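Visitor: Read top to bottom, the protein sequences are chains D and X. Take the first sequence: its letter number 31 is residue 699 in this note's numbering, and every next letter is one higher. Take the second sequence: its letter number 68 is residue 54 in this note's numbering, and every next letter is one higher.
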Amino acid sequence: GENVEQHPSTLSVQEGDSAVIKCTYSDSASNYFPWYKQELGKGPQLIIDIRSNVGEKKDQRIAVTLNKTAKHFSLHITETQPEDSAVYFCAASSQAGTALIFGKGTTLSVSS
Amino acid sequence: GAVVSQHPSWVICKSGTSVKIECRSLDFQATTMFWYRQFPKQSLMLMATSNEGSKATYEQGVEKDKFLINHASLTLSTLTVTSAHPEDSSFYICSASVQGVQPQHFGDGTRLSIL
């Protein structure tokens, strides 16, 4: 089955810096890669996603890149703000409507 | 749109009690919903896939007689933790997607504490 590895497990940056979180997946059939932000005591919230027919997607300060050949994808947050502090999870799915397999998460801390 | 609601958000009960958690899609129909469990400072682990009108599919290692899932309508799936014990204490989260197409939308989770 699918296995998703995520690095780093913790990331501390200064406000205004960029943050990058990387994930690799094992199943070449995976074709959908979302990123979720989870705040303490709440469910995950989708922040951006990418499908395998696209190499990069951007939404304001957030971008995701996908390298299908290497089977890895990354989350890029620019101009970080304290409210970006949370746990971020990457995930992968092989078919429409199937369950997501999550990475282990990255705790991002943005200090002002 | 695409809101998933869970109830209750927090429950504390004695060992041996059965606890039911509801997951509702508020503004869309969901033929499939997913149940995840998350221990403190860990990732979400898929427990089971809930299919409307049929039996749920459980992941390896998840006891189907322990975690009963019912998906009787297109907007409601329930997870019942039967004869709960302290080791069942966890954060339970459900998700659903519109017409089975990604992305999945998550509920805000249910914090279950068994004394």
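Where is the CB? At the ideal position from N, CA and C, for every residue including glycine. Just so you know, these numbers come straight off a predicted model, no measurement behind them.
Measure how close the beta-carbons of LEU101 (chain X) and SER1 (chain X) come, nearest whole angstrom, since I'm counting them as under 8 Å.
Guide: Position 115 of the second sequence, counted from the start, is the residue given in the question as residue 101 (chain X). Position 15 of the second sequence, counted from the start, is the residue given in the question as residue 1 (chain X). Confirmed, about 6 Å.
Visitor: Residues in the region 86 to 97 of chain X with C-beta within 8 Å of chain D's C-beta atoms, listed in sequence order?
Guide: Per Cβ criterion, the list reads GLY86, VAL87, GLN88, PRO89, GLN90, HIS91, PHE92, GLY93, ASP94, GLY95 and ARG97.
Visitor: For chain X, check one thing: does any of its Cβ atoms lie closer than 9 Å to the Cβ of TYR704 (chain D)?
Guide: Taking the first residue of the first sequence as 1, we reach residue 704 (chain D) at position 36. Yes, TYR704 (chain D) counts as interfacial toward chain X.
Visitor: Where does ASP717 (chain D) sit, in a helix, a strand or coil, going by DSSP?
Guide: The residue you call residue 717 (chain D) lines up with position 49 of the first sequence. Strand at ASP717 (chain D).
Visitor: Does any residue of chain X have a CB that is nearer than 9 Å to the CB of ILE769 (chain D)?
Guide: As a working mapping, residue 769 (chain D) is identified with position 101 in the first sequence. At least one chain X Cβ lies under 9 Å of ILE769 (chain D).
Visitor: Contact defined as beta carbons within less than 8 Å: I believe TYR693 (chain D) pairs with ALA738 (chain D). What is the distance between those atoms, to the nearest angstrom?
Guide: Here residue 693 (chain D) refers to the residue found at position 25 of the first sequence. Here residue 738 (chain D) refers to the residue found at position 70 of the first sequence. About 10 Å; that fails the 8 Å criterion.
Visitor: Mind checking which residues open and close the beta strand (DSSP E) that includes SER81 (chain X)?
Guide: In the second sequence, counting from the first residue as 1, residue 81 (chain X) sits at position 95. Start and end: 76 to 82.
Visitor: Please say whether LEU768 (chain D) and PHE20 (chain X) have beta carbons closer to each other than 9 Å?
Guide: As a working mapping, residue 20 (chain X) is identified with position 34 in the second sequence. As a working mapping, residue 768 (chain D) is identified with position 100 in the first sequence. Taking 9 Å as the Cβ cut-off, PHE20 (chain X) and LEU768 (chain D) qualify as a contacting pair.
Visitor: At which residues does the beta strand (DSSP E) containing GLN682 (chain D) begin and terminate?
Guide: Stepping through the first sequence from its first residue, residue 682 (chain D) is reached at position 14. Taken as a continuous stretch (DSSP letters only), the beta strand (DSSP E) holding GLN682 (chain D) covers 678 to 682.
Visitor: Is there at least one Cβ from chain X nearer than 9 Å to GLN713 (chain D)'s Cβ?
Guide: Locating residue 713 (chain D) in the first sequence gives position 45, where the first residue counts as 1. Closer than 9 Å: yes.
Visitor: Could you have a look at ASP752 (chain D) and say whether DSSP puts it in helix, strand or coil?
Guide: Residue numbering aside, residue 752 (chain D) sits at position 84 when the first sequence is read from its first letter. Residue state, collapsed to three classes: helix.
Visitor: Looking only at its chain, what residues have a beta carbon closer than 7 Å to the beta carbon of LEU776 (chain D), apart from the 5 residues adjacent to it on each side?
Guide: By one-based count along the first sequence, residue 776 (chain D) stands at place 108. Correct list, in chain order: LEU679, ALA687, ASP752, SER753, ALA754 and TYR756.
Visitor: Skipping 5 residues on each side, what residues in its chain have a beta carbon closer than 6 Å to that of ARG10 (chain X)?
Guide: On the second sequence, residue 10 (chain X) is found 24 positions in, with the first residue counted as 1. The residues are SER(-9), THR61 and LEU62.
Visitor: Decide if PHE25 (chain X) is buried, meaning its Cβ has at least 16 other Cβ atoms within 10 Å, or exposed.
Guide: Residue numbering aside, residue 25 (chain X) sits at position 39 when the second sequence is read from its first letter. Burial call: exposed.
Visitor: Kindly indicate which residue of X:CYS(-1), X:VAL(-3), X:THR18 and X:VAL5 has the alpha-carbon position closest to the one of THR83 (chain X).
Guide: Position 97 of the second sequence, counted from the start, is the residue given in the question as residue 83 (chain X). This sequence places Ser at residue 83 (chain X); Thr is not what is there. That would be X:THR18, whose Cα lies nearest to the Cα of SER83 (chain X).
Visitor: Around the Cβ of PRO702 (chain D), are there at least 16 other Cβ atoms within 10 angstroms (buried) or fewer (exposed)?
Guide: By one-based count along the first sequence, residue 702 (chain D) stands at place 34. Burial call: buried.
Visitor: Using beta-carbon positions only, say whether SER677 (chain D) and SER698 (chain D) come within less than 9 Å of one another.
Guide: Taking the first sequence and counting its residues from 1, one reaches residue 677 (chain D) at position 9. Taking the first sequence and counting its residues from 1, one reaches residue 698 (chain D) at position 30. No, the pair does not count as a contact, with Cβ atoms beyond the cut-off.
Visitor: For ALA(-12) (chain X) versus HIS57 (chain X), is the C-beta spacing smaller than 9 Å?
Guide: By 1-based counting over the second sequence, the position of residue -12 (chain X) is 2. By 1-based counting over the second sequence, the position of residue 57 (chain X) is 71. Taking 9 Å as the Cβ cut-off, ALA(-12) (chain X) and HIS57 (chain X) do not qualify as a contacting pair.
Visitor: Going along the chain, which residues of its own chain have a beta-carbon closer than 7 Å to the beta-carbon of GLU683 (chain D), five neighbours each way excluded?
Guide: Walking along the first sequence from the start, residue 683 (chain D) turns up at place 15. Around GLU683 (chain D): THR748, GLN749, PRO750, VAL778, SER779 and SER780.
Visitor: Tell whether a beta-carbon distance below 9 Å holds between ILE7 (chain X) and VAL67 (chain X).
Guide: In the second sequence, counting from the first residue as 1, residue 7 (chain X) sits at position 21. In the second sequence, counting from the first residue as 1, residue 67 (chain X) sits at position 81. Contact flag set, yes.
Visitor: By Cβ distance, which residues of its chain are closer than 6 Å to TYR44 (chain X), with the 5 residues on each side in sequence left out?
Guide: Taking the first residue of the second sequence as position 1, residue 44 (chain X) is located at position 58. Closer than 6 Å at the Cβ level, and outside the excluded window around TYR44 (chain X), lie ALA34 and LYS50.
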